[in-house]
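J.:
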């Protein structure tokens with residue numbers, strides 16, 4: 001059966017809805033501060049990227065975060081959390097789906113996801129140090145953090161957190177994808 | 190918690206603020222986020238406070254809903270306030286007890302900074318408290334309409350957001366159903382080692398994805414059968430109406446902005 005543009009659009013909306021729902025089932029990792037929470041909302045975005053191309057994955061990330069802002073607002077009233085989540089998610093899924101596209105094997109998928117994890121960790125480390133942490137302290141008017149303290153937080157908290165988060169999602173997605181694959185033929189575009 | 194996921198913060202009501210066009214509310218909140226940072230003395234903060242207070246009264250939203258939005262930042266606000274009181278020096282010495290000295294500037298700066306954050310959170314909360322997500326989506330689509338000129342698929346994006354919104358309750362119900370079915374078989378989703386928890390997610394996600402692909406297929410077929418061809422010339426069930434109140438709100442915001450510019454020191 002031929003599936004057109006409308007199907008792709010709606011499938012991506014459904015995946016965004018799932019991503020938003022999965023955001024609610026978040027949990028903190030043992031040993032990390034409470035504001036660093038892990039959820040599996042990147043999984044539907046990855047699936048969209050793998051099935052319909054990287055652009056669709058980015059759309060899932062965008063809709064998920066926009067919905068989250070429209071429905072839940074954010075801590076400071078300005079969507080810093082949602083923007084950070086969007087950038088992290090995009091940095092994770094785009095390299096993964098590009099590497100996977102070449103030969104579509106489980107090995108290339110795992111390679112892509114690990115690359116995505118590394119890229120996300122690096123990008124979020126730099127962004128947290130340069131933009132996000134200063135933005136938070138500025139909006140919340142918390143005491144200014146020294147650059148040494150921020151560097152410590154990035155190196156000890158945020159970077160290891162992103163690596164663990166990326167690897168957990170990698171394991172989950174590879175396991176999930178090998179199981180979904182036979183069924184997905186029918187639903188890919 | 191689950192109810193909060195579906196309906197978000199929206200509090201149904203018939204107040205003037207509820208009935209305003211989402212476009213005017215979006216523009217106002219966007220503007221407010223910027224002009225909050227213009228205030229730097231008592232008069233300007235007073236004006237912002239007056240605007241926030243009037244908006245809250247007009248919205249008729251019960252205060253406990255507003256408090257819910259403020260609660261997470263309250264500790265941070267108190268902490269920075271305390272920090273400013275003890276650390277910022279300048280102005281007259283107000284209070285001295287041993288090594289503890291409180292200066293006028295400390296109290297002033299501490300309260301300014303706390304007020305700024307509180308106003309910011311209250312006003313943005315009012316938007317989500319008085320506007321349904323579907324209205325926000327419609328408003329955003331209209332406001333971002335000009336971007337269609339540079340080939341950005343604004344209409345498609347808004348439609349996708351509405352579809353996702355429409356299916357969130359369905360998807361959540363389905364997730365719960367599968368979770369309960371799995372839990373009845375002894376699966377633990379919220380406890381146990383991380384490795385087991387990840388494994389537990391697979392039998393949850395597989396049926397969730399497959400059923401939503403099926404649903405997408407059906408919906409796409411139905412839409413195509415009814416001749417859906419994208420945004421051009423599509424009629425709408427809900428049409429946004431820009432009324433007198435909306436123009437007044439924008440005017441108030443503009444006057445507020447100009448007065449802040451004039452009165453700030």
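Chains as they are written, first to last, in this note's numbering: chain A, 1 to 189; chain B, 190 to 454.
We put the CB at the ideal spot given by N, CA and C, even for glycine.
Just so you know, these numbers come straight off a predicted model, no measurement behind them.
For residue 417 (chain B), does the three-state DSSP call read helix, strand or coil?
T.: Correct three-state label for residue 417 (chain B): coil.
J.: Report the neighbours of residue 112 (chain A) on chain B: residues whose CB is nearer than 9 Å to its CB, in chain order.
T.: Here the premise fails: no neighbours, minimum Cβ distance about 19 Å.
J.: Could you tell me which residues DSSP puts in a beta bridge with residue 37 (chain A)?
T.: A:28
J.: Do you know offhand how far residue 307 (chain B)'s Cα is from residue 313 (chain B)'s?
T.: 10 Å
J.: Could you spell out the range, first to last residue, of the beta strand (DSSP E) harbouring residue 291 (chain B)?
T.: 289-292
J.: Could you give the residue range of the alpha helix (DSSP H) that holds residue 286 (chain B)?
T.: Note, residue 286 (chain B): premise wrong, no alpha helix (DSSP H); beta strand (DSSP E) at 282-286.
J.: By the three-class DSSP mapping on this structure, what secondary structure does residue 261 (chain B) have?
T.: Here residue 261 (chain B) sits in helix by DSSP.
J.: With 16 as the cutoff for other CB atoms within 10 Å, does residue 288 (chain B) come out buried or exposed?
T.: exposed
J.: What residues in the region 395-415 of chain B have a beta carbon less than 7 Å from any beta carbon of chain A?
T.: 395, 397, 398, 399, 401, 402, 404, 405, 406, 408, 409, 412 and 413
J.: Beta-carbon of residue 177 (chain A) versus every beta-carbon of chain B: anything under 8 Å?
T.: no
J.: Mind checking whether residue 319 (chain B) and residue 197 (chain B) have CB atoms under 8 Å apart?
T.: no
J.: Which chain B residues sit within Cβ distance under 8 Å of residue 63 (chain A)?
T.: Residues of chain B passing the Cβ test: 346, 349, 350 and 353.
J.: Among B:423, B:405, B:219 and B:454, which has the Cα closest to the Cα of residue 4 (chain A)?
T.: B:405
J.: How would you label residue 324 (chain B), buried or exposed, when you count the other beta carbons within 10 angstroms and need 16 or more for buried?
T.: buried
J.: Find the nearest neighbour of residue 46 (chain A) within the set A:7, A:84, A:99 and A:79, judged by alpha-carbon distance.
T.: A:99
J.: Quick check: residue 412 (chain B) and residue 63 (chain A), are their CB atoms within less than 8 Å of each other?
T.: no
J.: Suppose you measure from the CA of residue 300 (chain B) to the CA of residue 271 (chain B); what does that come to, to the nearest Å?
T.: 10 Å
J.: Is DSSP giving residue 363 (chain B) helix, strand or coil here?
T.: helix
J.: Helix, strand or coil for residue 228 (chain B), going by three-state DSSP, please let me know.
T.: The answer is coil: DSSP assigns residue 228 (chain B) none of H, G, I, E or B.
J.: Does the pairing of the region 273-284 of chain B with the region 196-216 of chain B give three or more beta-carbon distances under 8 Å?
T.: no
J.: Which class does residue 73 (chain A) belong to by DSSP, given the choice of helix, strand or coil?
T.: coil
J.: Do the region 370-387 of chain B and the region 429-440 of chain B make contact, defined as three or more Cβ pairs closer than 8 Å?
T.: no
J.: Residue 86 (chain A) and residue 73 (chain A): beta carbons closer than 8 Å?
T.: no
J.: Under 8 Å between the Cβ atoms of residue 353 (chain B) and residue 17 (chain A)?
T.: yes
J.: Work out the CA separation of residue 123 (chain A) and residue 83 (chain A) for me, nearest whole Å.
T.: 13 Å
J.: Return no unless some Cβ of chain B is closer than 8 Å to the Cβ of residue 171 (chain A).
T.: True, the Cβ-Cβ gap to chain B drops below 8 Å.
J.: Would you say residue 223 (chain B) faces chain A, with C-beta separation under 8 Å as the test?
T.: In terms of beta-carbon proximity, residue 223 (chain B) stays away from the interface with chain A, with every pair separated by 8 Å or more.
J.: What residues of chain B sit near residue 40 (chain A), judged by a beta carbon separation below 9 Å?
T.: 387, 390 and 394
J.: Less than 6 Å between C-beta atoms, sequence neighbours within five positions excluded: which residues of the same chain meet that for residue 344 (chain B)?
T.: Here the set comprises 420.
J.: So which residues of chain B does residue 17 (chain A) contact, with C-beta pairs closer than 7 Å?
T.: 353, 356, 357 and 360
J.: Would you mind giving the Cβ-Cβ distance between residue 19 (chain A) and residue 59 (chain A), rounded to the nearest angstrom? I have them listed as a contact below 8 Å.
T.: Incorrect: roughly 11 Å between the Cβ atoms, too far for contact.
J.: Using a Cβ-Cβ cut-off of less than 7 Å, give me the residues of the region 296-310 of chain B that come near chain A, in sequence order.
T.: 302, 306, 309 and 310
J.: If contact is defined by three or more beta carbon pairs under 8 Å, each pair taking one atom from either stretch, is the region 212-225 of chain B in contact with the region 441-450 of chain B?
T.: yes
J.: Please state the DSSP three-state secondary structure of residue 437 (chain B).
T.: helix
J.: Could you check what DSSP says for residue 314 (chain B) in three-state terms: helix, strand or coil?
T.: helix
J.: Specify, as a first and last residue, the run of the alpha helix (DSSP H) that residue 162 (chain A) falls within.
T.: 159-187
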